[in-house]
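Trainee: Position in the sequence shown counted from 1, then plus 5, gives you our numbering.
We treat Cβ as the ideally placed atom computed from N, Cα and C, and that holds for glycine.
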Amino acid sequence: MRTDTSPGVLPSREHLPAAWREVPVLDVVIPVYNEEKDLRPCVLRLRDHLSRTFPYPFRVTVADNASTDRTPHIAAELAASVREVRHVRLDQKGRGRALRAVWSASDAPVLAYMDVDLSTDLNALLPLVAPLISGHSDLAIGSRLARSSRVVRGPKRELISRAYNLILRGSLHARFSDAQCGFKAIRGDVARVLLPLVEDTGWFFDTELLVLAERAGLRIHEVPVDWVDDPESTVHLVRTATDDLKGVWRVGRALAVGALPLDRLARPFGDDPRDRELTGVPGGLARQLVGFCVVGALSTLFYLLLYSGFRTFTGSQAANALALLVSAVANTAANRRLTFGVRGRDRAMRHQAQGLVVFGIGLALTSGSLAALDAASGSPAHSTELAVLIAANLAATVLRFLLLRAWVFPDRAAVTATPSYDMTPHTPDPRNAR
6 MRTDTSPGVL
16 PSREHLPAAW
26 REVPVLDVVI
36 PVYNEEKDLR
46 PCVLRLRDHL
56 SRTFPYPFRV
66 TVADNASTDR
76 TPHIAAELAA
86 SVREVRHVRL
96 DQKGRGRALR
106 AVWSASDAPV
116 LAYMDVDLST
126 DLNALLPLVA
136 PLISGHSDLA
146 IGSRLARSSR
156 VVRGPKRELI
166 SRAYNLILRG
176 SLHARFSDAQ
186 CGFKAIRGDV
196 ARVLLPLVED
206 TGWFFDTELL
216 VLAERAGLRI
226 HEVPVDWVDD
236 PESTVHLVRT
246 ATDDLKGVWR
256 VGRALAVGAL
266 PLDRLARPFG
276 DDPRDRELTG
286 VPGGLARQLV
296 GFCVVGALST
306 LFYLLLYSGF
316 RTFTGSQAAN
326 ALALLVSAVA
336 NTAANRRLTF
346 GVRGRDRAMR
356 HQAQGLVVFG
366 IGLALTSGSL
376 AALDAASGSP
386 AHSTELAVLI
396 AANLAATVLR
406 FLLLRAWVFP
416 DRAAVTATPS
426 YDMTPHTPDP
436 RNAR
């Protein structure tokens, strides 16, 4: 649907398509697992807010992910007593599984979801869905990383969030700023096309959906949000981060080998240029760059986690050397197999030895950066050390790729294809002489 309204202005109800007048225009899904304490007040607060501010019929759907406490009972009571609330019970856990199930079955033209703790200020809900109703955007996400956003959360969650989104930009070339904010919306017709293509059923569901949408040429609208961290959140950070990194690896590898089902998507604005082979570069370089970025991003995060762990019982230089050594071995092995396609054990030890030389270069750069930082500021904060180390690692990345491609894993097919010349003396056949 196209209208002449601006993205932030909603069309009047009589200007909505006829089919939209028979169903709730907006279906807000709240995935929950064992939320007996917060469920009732949060659902009622959301319902009251929508009643005051949303000019069309709406629905609030509680998607229960196999809760084992009183959550299903409370959700059923809300559905029985509040006209705009319904309850869906799933037998398996998984936020992505819940969203796929409810969104796929919903008759609403605009679908949204938010976390049950309502960490995001509800005043951002109307700006989130307005461009989808007016037809100016296909998806909308709340962003805690926008300049005008106001966010209250601890440094640990802040670092993890920014590191994760940095990984997405470096490895998957994502343009959206905040993949994991629990505050998103999508048009129903777009959801019916994208949902069957999303594999993840957990927390990576959001990221995979957004990557597919970007590659399909769909329009993603971002809304700055005010967000306050819930100190009693039950999200397991380590397990969630691990699952997300596995998802990044899977999608990044699929992009590198051209395995994403992008040909099944209708591309309203043409092919995404990131899906094309780069022009003017040697064959295979584009895919190698994607693979190298994915491996490098994951290796950098692995290195930072190791460094933080080693730093608790040793000095910065020793922690840096140990973290680099362990991550360098893993990085070489991953690049050997996934980036440059080398299989088997042949020359594996040689490749690791050459990889350690590359590691030595990284060690020199990062150790030199730490030494310069110590000399300049005496006892720098841990966050400052991490920032300097990230910058030093980024500086070594380009050189590392060139060394891996030209020296450690050269293109042997190209070498084999180089014509050879016979350098032995040749005596002409006297019978050919005139």
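So, with DSSP's three-state summary, where would you put Phe297?
Mentor: Residue numbering aside, residue 297 sits at position 292 when the sequence shown is read from its first letter. Phe297: helix per DSSP, three-state reduction.
Trainee: Can you give me the start and stop residues for the beta strand (DSSP E) that Leu95 sits inside?
Mentor: Translated into the one-based positions of the sequence shown, residue 95 becomes position 90. Start and end: Val90 to Leu95.
Trainee: What do you get for Lys189, buried or exposed, if any count of 16 or more other CB atoms within 10 angstroms of its CB means buried?
Mentor: Position 184 of the sequence shown, counted from the start, is the residue given in the question as residue 189. Buried, because 16 or more other Cβ atoms sit within 10 Å of the Cβ of Lys189.
Trainee: How close, in whole Å, do the beta carbons of Gln357 and Trp412 come, if the pair is a contact with beta carbons under 8 Å?
Mentor: Looking up residue 357 in the sequence shown gives position 352. Looking up residue 412 in the sequence shown gives position 407. Contact flag wrong, Cβ pair sits at about 14 Å.
Trainee: Determine whether the beta carbon atoms of Ser304 and Asn325 lie at a separation below 8 Å.
Mentor: Taking the first residue of the sequence shown as position 1, residue 304 is located at position 299. Taking the first residue of the sequence shown as position 1, residue 325 is located at position 320. Taking 8 Å as the Cβ cut-off, Ser304 and Asn325 do not qualify as a contacting pair.
Trainee: Check this for me: beta carbons of Leu150 and Asp120, under 8 Å apart or not?
Mentor: If you number the sequence shown from 1, residue 150 lands on position 145. If you number the sequence shown from 1, residue 120 lands on position 115. No, the pair does not count as a contact, with Cβ atoms beyond the cut-off.
Trainee: What residue range is occupied by the uninterrupted beta strand (DSSP E) comprising Asp32?
Mentor: Here residue 32 is taken as the residue at index 27 of the sequence shown, counted from 1. Here the beta strand (DSSP E) through Asp32 covers Leu31 to Val37.
Trainee: Go ahead and pull the three-state DSSP assignment for Gly365.
Mentor: Counted from its first residue, the sequence shown places residue 365 at position 360. Three-state DSSP puts Gly365 in a helix.
Trainee: Would you kindly check if the distance between the Cβ of Ala81 and the Cβ of Val93 is under 8 Å?
Mentor: Translated into positions along the sequence shown, residue 93 becomes position 88. Translated into positions along the sequence shown, residue 81 becomes position 76. Cβ distance not < 8 Å, so Val93 and Ala81 don't count as in contact.
Trainee: Measuring CB to CB, does Lys137 end up less than 8 Å from Arg192?
Mentor: The count along the sequence shown starts at 1 and reaches residue 137 at position 132. The count along the sequence shown starts at 1 and reaches residue 192 at position 187. According to the sequence as given, residue 137 is Leu; it is not Lys. Cβ distance < 8 Å, so Leu137 and Arg192 count as in contact.
Trainee: Quick check on DSSP: helix, strand or coil for Val198?
Mentor: Position 193 of the sequence shown, counting from 1, holds the residue named residue 198. Three-state DSSP puts Val198 in a helix.
Trainee: Could you round the C-beta distance between Trp208 and Thr245 to whole angstroms and report it? I think they count as a contact, below 8 Å.
Mentor: On the sequence shown, residue 208 is found 203 positions in, with the first residue counted as 1. On the sequence shown, residue 245 is found 240 positions in, with the first residue counted as 1. With a Cβ gap of about 5 Å, Trp208 and Thr245 count as contacting.
Trainee: Between the Cα of Leu215 and the Cα atoms of Val233, Asn170 and Asp235, which residue gives the shortest distance?
Mentor: Sequence index remark: in the sequence shown, residue 215 carries index 210 (1-based). Nearest of Val233, Asn170 and Asp235 to Leu215, Cα basis: Asn170.
Trainee: For the 8 Å Cβ check, are there 3 or more pairs between the stretch 367 to 378 and the stretch 389 to 400?
Mentor: Yes: the two stretches touch, three or more of their Cβ pairs being nearer than 8 Å.
Trainee: Identify every residue that forms a DSSP beta bridge with Met119.
Mentor: Along the sequence shown, read from residue 1 onward, the residue named residue 119 stands at position 114. Looking at the DSSP assignment, Met119 forms a beta bridge with Phe188.
Trainee: Three-state secondary structure (DSSP) at Pro60?
Mentor: By 1-based counting over the sequence shown, the position of residue 60 is 55. Coil.
Trainee: Does the distance from the CB of Tyr61 to the CB of Lys98 come in under 8 Å?
Mentor: Along the sequence shown, one-based indexing puts residue 61 at 56. Along the sequence shown, one-based indexing puts residue 98 at 93. Taking 8 Å as the Cβ cut-off, Tyr61 and Lys98 do not qualify as a contacting pair.
Trainee: Whose CA, out of Asp43, Arg342, Phe181 and Val363, lies closest to the CA of Leu144?
Mentor: One-based indexing of the sequence shown puts residue 144 at position 139. Among Asp43, Arg342, Phe181 and Val363, the Cα nearest to that of Leu144 is on Phe181.
Trainee: By how many angstroms is the C-alpha of Val295 removed from the C-alpha of Phe315?
Mentor: As a first step, residue 315 is located in the sequence shown; it is residue number 310 there, counting from the start. As a first step, residue 295 is located in the sequence shown; it is residue number 290 there, counting from the start. So the two alpha carbons sit approximately 30 Å from each other.
Trainee: Going by alpha carbons, who is nearest to Ala218 out of Leu202, Glu27 and Arg75?
Mentor: Taking the sequence shown and counting its residues from 1, the one referred to as residue 218 is at position 213. Comparing Cα positions, the closest option is Leu202.
Trainee: Please report the distance separating the alpha-carbon of Glu227 from that of Glu41.
Mentor: Here the question's residue 227 lines up with position 222 in the sequence shown. Here the question's residue 41 lines up with position 36 in the sequence shown. In a straight line, the C-alpha of Glu227 is about 31 Å away from that of Glu41.
Trainee: What does DSSP give as the partner residue(s) for Trp232 in the beta ladder?
Mentor: Counted from its first residue, the sequence shown places residue 232 at position 227. DSSP output for Trp232 lists Thr125 and Val156 as bridge partner(s).
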